[in-house]
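Working notes for the structure below.
2 protein chains.
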Amino acid sequence: MASEKPLLAVTCTAPVNIAVIKYWGKRDEDLVLPINSSLSVTLHQDQLKTTTTAAVSKDFTEDRIWLNGREEDVEQPRLQACLREIRRLARKRRSTGDEDPLPLSLTYKVHIASVNNFPTAAGLASSAAGYACLAYTLAQVYGVDSDLSEVARRGSGSACRSLYGGFVEWQMGERADGKDSIARQVAPESHWPELRVLILVVSAEKKLMGSTAGMQTSVETSPLLRFRAESVVPARMAEMTRCIQERDFQGFGQLTMKDSNQFHATCLDTFPPISYLSDTSRRIVHLVHRFNTHHGQTKVAYTFDAGPNAVVFTLEDTVPEFVAAVQHCFPPESNGDKFLKGLPVRPTPLSDEFKAALNVDPIPGSIKYIIATQVGPGPQILDDPHAHLLGPDGLPKPAA
Amino acid sequence: MASEKPLLAVTCTAPVNIAVIKYWGKRDEDLVLPINSSLSVTLHQDQLKTTTTAAVSKDFTEDRIWLNGREEDVEQPRLQACLREIRRLARKRRSTGDEDPLPLSLTYKVHIASVNNFPTAAGLASSAAGYACLAYTLAQVYGVDSDLSEVARRGSGSACRSLYGGFVEWQMGERADGKDSIARQVAPESHWPELRVLILVVSAEKKLMGSTAGMQTSVETSPLLRFRAESVVPARMAEMTRCIQERDFQGFGQLTMKDSNQFHATCLDTFPPISYLSDTSRRIVHLVHRFNTHHGQTKVAYTFDAGPNAVVFTLEDTVPEFVAAVQHCFPPESNGDKFLKGLPVRPTPLSDEFKAALNVDPIPGSIKYIIATQVGPGPQILDDPHAHLLGPDGLPKPAA
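First to last, the sequence lines map onto chains A and B.
Okay, so the first sequence: first residue is 1 according to UniProt numbering, each after it adds one.
Okay, so the second sequence: first residue is 1 according to UniProt numbering, each after it adds one.
Written out as structure tokens, the structure reads:
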């Protein structure tokens, strides 16, 4: 039996995921149970990830949390729900008589530090990666190896989809207690190696309504949302799964765009209406359709979450031409910031005929930058103790 | 029996109408039969009207038409459908043995001239007023006094609603031949004298898709549109009729906004998606909701057709304050153009507290001007021969 260390720390990373069949609306606010199933693509952590260190010690006097180096209120309800749930699972594991895997007391307080490797200002859904990372890291600390969907879900619904790599569905489940509302991998990250993801970060205005409040209002007021959840999404889940399994990009791309549009349609049908798309978002939509029309097939596909940024799916060999088209329609402002980030991209020159076919008035500066990435794996444990965001004293390291 | 004149000319005017329960989608493209009923408010012709002169003469060698002084192709299918239909009704009337009311031959060719008293660039639905005026004027020429819904509808679906003043429903009908798809007055123009209409003309970009092509694509691709037509609109028609009958502005305004939003939601659910609202449109939506929230009740309501212009309904005593709020949020550009047109409006100064509550960054110039108007009567016959847009030679007068 190992001797009791003064401090047990674990550091893990978790990915961002982008839904291609959208989650919007809860049937149970408290348990975070959705009104429909959803399906997402896990993005690679080389470009976008959350890193979280959790540490327990008998010397800690209270639970504490630091996000991006700044201490936050540990009492906020969703965080408390995650902590309660992981400790419940840990107790359950001990009480079932399995050998106690870790020499720590469940009564010890926990310190948590979490950072993103991408700016929060980018408007990317950081809460999914954040709560998935929290659930995964706490599971290591407390020796929990059961399904973590509920822990992550209680923090942020879509976080359960960031618990796996590749292509992931969140089955809505039917039970009132939510035990069957879980995430499941549809295909691993190696399944479709040619698939690429371009995040077009739009120069943002402030967001008018957060997604939690937004979806609640939608459930209460949109007649179209209920119809979508009950009568449209089930068939789309099956169709999207088929497209992924068969690597059918045309089908995958078209359904991805249709489902994004329908999600935003239900936002508009909400009262008062919710608009997450900006004029720049709409210009990107237009560009994508023109690009596909020019090629006579669906070569690129957009999807938008609760904000104006576009996430564009395409195949590896289309990336250089599409990025060139984006640069043509949204010329970067020469502010010294790098326009192309992530995977290396070498845009190809566009023909004048193609430029004419795109038929858009270039609007400089309305896209801040592009992050090129691909499908990636699920959460990872970092073995290197230097990776810890918390020092031996249980406080954030100066660098973090 | 009157002697045959060399030229018989009739001049009429017809109003613009604005739908508060929207028409979007045909179940029969040829007969222009809608997938759902709709309901509109007829606007006053003092501010917005179409004037049309139709003349027949045995000397005319072909049908001809001039719109806003410019000759157009008389062969275009919708115009031909109107001409065919009115001549069919005229023949039917004669063959039923009624006394021949007008001494003219149905084989004579017709000359038509039509002008709007508002700029086409305003993006207001001029085709509804135009085809209603055409149907009404031709009916006078040919002595047809039966229901003109079908004649107007064949030109432009919503034109049948411009055949009446006040509040008008277009019953979708059930018959395959469309004989029961007719317009009917719900309440006359005198019914709700306090009701006011403000048209906020937005500095327009070019429209990307016309409404005829748009609604056809929506019918073919939007799962939400069918649900709306079958399961949402019938109850809304009944509710809107009640609100109008009871002059319940809160109910009227809220349902007007919800139905406009749902129409635009089905446009967004169309594939490829259709966006008629611009960022300025969305800012107007936001302003209206802030204004109502500040007052704790629905005092103003927006609706948008297939373009970015807002039509705002309110009651007479709210006009000065709301116009002041619009001027605050969208300061007019001092380009010499008059910002307030139509009925006289004297904006009231806003308190600083109210300005703060509106919480918008003023964007100069994004609204070009406001037309203040009210509910108005249906088509009118102009008795003054000086009103004719065609001269004794059957050609447009130089002034027209």
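Cβ coordinates follow ideal geometry from the N, Cα and C atoms, glycine included.
DSSP state of residue i mapped onto helix, strand, coil
i, result
"P234(B)", "helix"
"Y302(A)", "strand"
"V285(A)", "helix"
"S38(A)", "strand"
"F291(A)", "helix"
"F322(B)", "helix"
"G342(B)", "strand"
"M1(A)", "Model confidence at M1(A) stands at a pLDDT of 39, short of 50, so the residue's coordinates are unreliable; what they give is reported in the following sentence. In the structure shown, M1(A) sits in coil (DSSP, three-state: anything other than H, G, I, E or B)."
"P77(A)", "helix"
"P379(A)", "coil"
"T52(A)", "strand"
"L268(A)", "helix"
"P223(A)", "helix"
"Q374(B)", "strand"
"Q45(A)", "coil"
"F263(A)", "helix"
"D384(A)", "coil"
"M215(B)", "helix"
"R247(A)", "coil"
"E333(B)", "coil"
Identity of the residues DSSP links to residue i by a beta bridge
i, result
"Y369(A)", "V201(A)"
"T314(B)", "R196(B), V300(B)"
"P396(B)", "L390(B)"
"W66(A)", "E71(A), A113(A)"
"C82(A)", "DSSP output for C82(A) lists no bridge partner at all."
"I21(A)", "L39(A)"
"A9(A)", "A55(A)"
"G358(B)", "The identity of residue 358(B) in the sequence shown is Leu, whereas the question assumes Gly. L358(B) is not bridged to any residue."
"L33(B)", "D28(B)"
"P347(B)", "P347(B) pairs with nothing; no bridge assigned."
"A14(A)", "T50(A)"
"Q254(A)", "In the DSSP output, where bridge partners are listed per residue, Q254(A) has none listed."
Inter-residue spacing [alpha-carbon to alpha-carbon] between residue i and residue j
i, j, result
"E321(B)", "V360(B)", "16 Å"
"L39(B)", "K22(B)", "7 Å"
"M240(A)", "L255(A)", "7 Å"
"V29(B)", "R154(B)", "Here residue 29(B) turns out to be Glu, not Val, going by the sequence shown. Cα to Cα, the separation comes out at about 9 Å."
"K368(B)", "K341(B)", "11 Å"
"K397(B)", "A238(B)", "47 Å"
"T217(A)", "H286(B)", "16 Å"
"G251(B)", "S37(B)", "19 Å"
"residue 437(B)", "Q185(A)", "The requested residue 437(B) is not part of the displayed model; chain B covers only 1 to 400."
"G296(B)", "V219(B)", "38 Å"
"F60(B)", "Y164(B)", "32 Å"
"G69(A)", "L390(A)", "10 Å"
"T373(B)", "V41(B)", "12 Å"
"I18(B)", "A159(A)", "45 Å"
"A356(B)", "Y142(B)", "60 Å"
"D73(A)", "R64(A)", "8 Å"
"I199(B)", "S211(A)", "32 Å"
"D305(B)", "S260(B)", "8 Å"
"G378(A)", "T270(B)", "34 Å"
Contact test: residue i Cβ vs the ligand NAP heavy atom, cutoff 7 Å
i, result
"A55(A)", "The ligand NAP is absent from the structure shown, which contains no ligand whatsoever."
Candidates the options, of which the one nearest residue i by Cα
i, options, result
"L31(B)", "Y164(B), E174(B), C12(B)", "E174(B)"
"C329(A)", "F291(A), P377(A), A14(A), E150(A)", "F291(A)"
"K258(B)", "F271(B), Y302(B), P273(B)", "Y302(B)"
"A176(B)", "T298(B), R87(B), R27(B), P308(B)", "R27(B)"
"V144(A)", "A357(A), P119(A), G157(A), L83(A)", "L83(A)"
"A14(B)", "G391(B), A183(B), F263(B), T50(B)", "T50(B)"
"A229(A)", "Q262(A), V141(A), I199(A)", "Q262(A)"
"A55(B)", "Q80(B), Q45(B), V10(B)", "V10(B)"
"A387(B)", "E169(B), R78(B), A113(B), S127(B)", "A113(B)"
"P362(A)", "P379(A), E353(A), D393(A), Q327(A)", "Q327(A)"
"Q47(B)", "V375(B), L358(B), I86(B), S127(B)", "V375(B)"
"R87(B)", "P273(B), D269(B), L106(B), Q76(B)", "L106(B)"
"L138(B)", "T53(B), L277(B), D180(B)", "T53(B)"
"I371(A)", "D384(A), P377(A), D393(A), L343(A)", "L343(A)"
"F313(A)", "V288(A), P331(A), P6(A)", "V288(A)"
"F249(B)", "P385(B), P193(B), C267(B)", "P193(B)"
Quick check for students: name the residue ranges of the alpha helix (DSSP H) that lie wholly in the stretch 117-200 of chain A, counting only runs of 4 or more. 126-142, 149-155
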